[in-house]
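Please read the structure below before turning to the comments.
There are 2 protein chains.
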Amino acid sequence: MADVYVVGAAQTKFGAFPDESYRTLFTEAFESAVESVDGEFDTDSIDEAYVGTLGVGGRQLGLSGPAVTEHAGLDGTTCTRVENACASSGTALRLAVLAIRAGVADVALAGGFEVMTDMSADRTRYWLGVSGETEWGRMSGMTFAGVYAHMAHAHMSEYGTTREQLSRVAVKNHANGAMNPNAHLGFECSLEDAVNSTSVADPLNLYDCCPTSDGASAVLLANEDVASSLTDKPVRITGTGQASDRVGLFQRQTLSSIPATRDAAEAAYDDAGIGPDDIEFAEVHDCFSIAEIMAYEDLGFCDRGEGGQYLESGATERHGERPVNLSGGLKSKGHPIGATGTGQVVEVFHQLRGEAGQRQVGNLSCGLTHSVGGSGGAVAVHVFEEGWA
Amino acid sequence: MADVYVVGAAQTKFGAFPDESYRTLFTEAFESAVESVDGEFDTDSIDEAYVGTLGVGGRQLGLSGPAVTEHAGLDGTTCTRVENACASSGTALRLAVLAIRAGVADVALAGGFEVMTDMSADRTRYWLGVSGETEWGRMSGMTFAGVYAHMAHAHMSEYGTTREQLSRVAVKNHANGAMNPNAHLGFECSLEDAVNSTSVADPLNLYDCCPTSDGASAVLLANEDVASSLTDKPVRITGTGQASDRVGLFQRQTLSSIPATRDAAEAAYDDAGIGPDDIEFAEVHDCFSIAEIMAYEDLGFCDRGEGGQYLESGATERHGERPVNLSGGLKSKGHPIGATGTGQVVEVFHQLRGEAGQRQVGNLSCGLTHSVGGSGGAVAVHVFEEGWA
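Sequence order for the protein chains is A and B. Last residue of the first sequence: number 389 in the UniProt record's numbering, and the count goes up by one each step with no gaps. Last residue of the second sequence: number 389 in the UniProt record's numbering, and the count goes up by one each step with no gaps.
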């Protein structure tokens, strides 16, 4: 089975870009990814491309993968659009890994995009609703923030997680994002501001919610033969895991955990031959503050129910034992849905190579990305390690 | 690399089913596929599922893959939605093959669905338009029939392809579909009726166009270990190929050919270690009559420009040298977009096993499926052979 390496990774700035289209954003991310490769990268060498997008709004809905790769100059490159809601490009990454492992590609592209800020708030709420369960959930008036509000209520009630612990997710991630020039909301926030902000869906307030953003990201993968000709700072994908669960929260066994994260993480750890203790840092899917706290538990960073205390202990701060969301996460960096999964890889790639600039945290050798679709109907987890196989 | 076998395949009847939902249709196809397996098939053994759908209309748009697999009882099974327009489940099939080859799955499900008949003609035209190029093509008034009408004009002008040859595609495929109880338009048509029917987009008339349909299909794949425990009538996928091209027709080098079909076929033939002469029968993507004629040429069944004569020679009739669309094809069997690619596999599976009932054509050992997204922005080609590796 071919080993898979990340040889380049980049994202656009995430934010509101009324003068850009989904095509220009994807092209910008792709071209930056090509520039990030150490050696001379031939774009004609890309055998397969996987592009994640939810397809928010009224843009190209059929063939939206080939529609962006052609604009990036890859009109002859085999391309597939992948959609697993907010895990779309987390899933695209996995498919690119499988294409190389299966031997149909020596070099593969995984990426994603979304344009969300050109819609009214009502339209955005509609489109995000479709990432929840449509037939019963959304039709009964459930918003997407409402889905995670139910989870937060359950977690607070079962484990005593506090309002302040939720807000500390925002404070930490904004502190990280303030150092990231690509962040949508690249400013710090105080605990007081986070605790006291406007309610969105009780108990979640504005600072518990990530923004809706425009943006794109792209990751270039290669087998060892190609990677060794391009770089002497290898970053290897050693574990890939994906799992699904009921789409609608009302059909789950638990509201205070995302079982598909546990299953995907177990698969990724098995694949990599490691355990959660080996993960030194992670980019996790903090679409809402409670999501990051549940991720700590479901990824095995702490015991079930202890996510709030784990956060409060400082373990996941940038100088803690296991920094989480050094990029700022979805909360501060932004969440252009289809761009988010491969966007996480950008931070891991730079941190493992010691190239994260002012965000760099010492010498890191093993990181993880965690990408959640909807409220956990699909989850992709990947493990990255520094060095050759 | 693990060899990949088809151990089960089924589809719903294609047609207009106002009392069914996309979930009940998919479940019906999946359960029929399970029943089609020779041995006792454990649905818990499915490691990965890939589901193709364009997502026509206003249904579950995020996580529409997991939304149907959960309804089919596979709520714990890793699931990814794939969208390459009309090649969505042709692409899903390829991904399921890669998952087994890459070793992350021993057993995989590929399938697809679409519900199209609950929309007004105007909405259908809109949604089909999104499979063409949206920003310039559709916005300038191009319909999807219009896209293929341009191709037909070009082919007639460059190669002398005739009105009657186009109509003979319909006559042949309806004759086949009349023997298929799952066909949407399961009736025969005369050459006179086909030639003289109402114009849709000149030169294409009603009988040059496939219907819009509701339906679902599902294919169960397994590696050799599992397959050998389930059946002694093996059908192996020996070749997978996929390619892309510019989404918009106005950006192509040629209008009288689909280059992505040529590229995907070449990749599939290389993968299988065969050539077009080895293909005994095929299910090709005849969304419009001209598409089947171009497919003959692009798949290498005849020389460029000779598709019309090749058809007229009777070569692709059910008792010809290389029967094409024994199922009735998209033209007669119907075209529920996401269900079409894996729907083609159903016919190939039964023909290779000698179980196609009144449609069975002698002893066949090598067949092909050809799935086109849009006007060729993405194409998937697969080669199937009878017997163990």
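Don't be surprised by glycine CBs; every beta carbon is placed ideally from N, CA and C.
Proximal chain B residues relative to residue i, where beta-carbon distance stays under 9 Å
| i | result |
| --- | --- |
| A:G373 | G62, L63 and P66 |
Neighbouring residues, chain A, relative to residue i (Cβ below 9 Å)
| i | result |
| --- | --- |
| B:E70 | S244, D245, R246, V247, G248, Q251 and G377 |
| B:L54 | L61 and G62 |
Beta-carbon neighbours of residue i, restricted to chain A and to distances below 8 Å
| i | result |
| --- | --- |
| B:D75 | S244, D245, R246 and Q251 |
| B:M1 | A102 and G103 |
Residue i - DSSP class collapsed to helix/strand/coil
| i | result |
| --- | --- |
| A:T162 | coil |
| B:L61 | coil |
| B:T316 | coil |
| B:N196 | helix |
| B:G362 | coil |
| A:T12 | coil |
| B:D278 | helix |
| B:F288 | strand |
| B:N176 | helix |
| A:A102 | coil |
| B:A170 | helix |
| A:D298 | helix |
| B:F187 | coil |
| residue 390 of chain B | An answer regarding residue 390 of chain B cannot be provided, because it is not within the stretch 1 to 389 covered by chain B. |
| A:T369 | strand |
| B:V226 | helix |
| A:D208 | helix |
| A:S157 | helix |
| A:A152 | helix |
| B:A121 | helix |
Integer-rounded CB distance, given that residue j should sit under 8 Å from residue i
| i | j | result |
| --- | --- | --- |
| A:P203 | A:R163 | 7 Å |
| B:I279 | B:G338 | Contact flag wrong, Cβ pair sits at about 25 Å. |
| B:Q351 | B:G215 | Not quite, the Cβ-Cβ distance comes to about 20 Å (not below 8 Å), so this is no contact. |
| B:N173 | B:G300 | Wrong, their Cβ atoms sit about 21 Å apart, outside the cutoff. |
| A:C287 | A:C210 | 5 Å |
| A:T212 | A:T340 | At roughly 11 Å, the Cβ-Cβ gap does not stay under 8 Å, so A:T212 and A:T340 are not in contact. |
| B:T69 | B:V51 | 7 Å |
| B:D245 | B:A260 | 4 Å |
| A:A378 | A:A85 | 7 Å |
| B:I293 | B:V372 | With a Cβ gap of about 13 Å, B:I293 and B:V372 do not count as contacting. |
| B:S256 | B:H155 | 4 Å |
| B:E83 | A:E83 | 6 Å |
| B:P18 | B:D118 | 7 Å |
Under 7 Å from the C-beta of residue i: neighbouring residues of chain B
| i | result |
| --- | --- |
| A:M119 | Neighbours of A:M119 on chain B: none; closest Cβ ~14 Å, over 7 Å. |
Any chain C beta carbon closer than 9 Å to residue i
| i | result |
| --- | --- |
| A:D263 | Here chain C cannot be found, since the structure's protein chains are A and B. |
Residue i: CB within 8 Å of a non-hydrogen atom of the ligand ATP
| i | result |
| --- | --- |
| A:D44 | In the structure shown, the ligand ATP is absent, as is every other ligand, since no ligand is present at all. |
ask   = Which residues, in chain order, does the segment 78-95 of chain A contribute to contact with chain B at a C-beta distance below 7 Å?
value = T78, C79, T80, R81, V82, E83, N84, A85, T91 and L95
Q.
Counting only Cβ-Cβ distances shorter than 7 Å, please list the residues of the segment 97-111 of chain A near chain B, keeping chain order.
A. L98, A99, R101, A102, G103 and V104
Runs of alpha helix (DSSP H) wholly within the segment 235-273 of chain A (minimum 4 residues, chain order): 259-272
- Query: In chain order, which beta strand (DSSP E) runs of at least 3 residues are fully inside the segment 25-97 of chain B?
  - Reply: 48-52 and 78-83
Checklist entry - Hey, which unbroken runs of the alpha helix (DSSP H) at 4 residues or more fall wholly within the segment 302-358 of chain A? => result 307-312, 329-333 and 337-352
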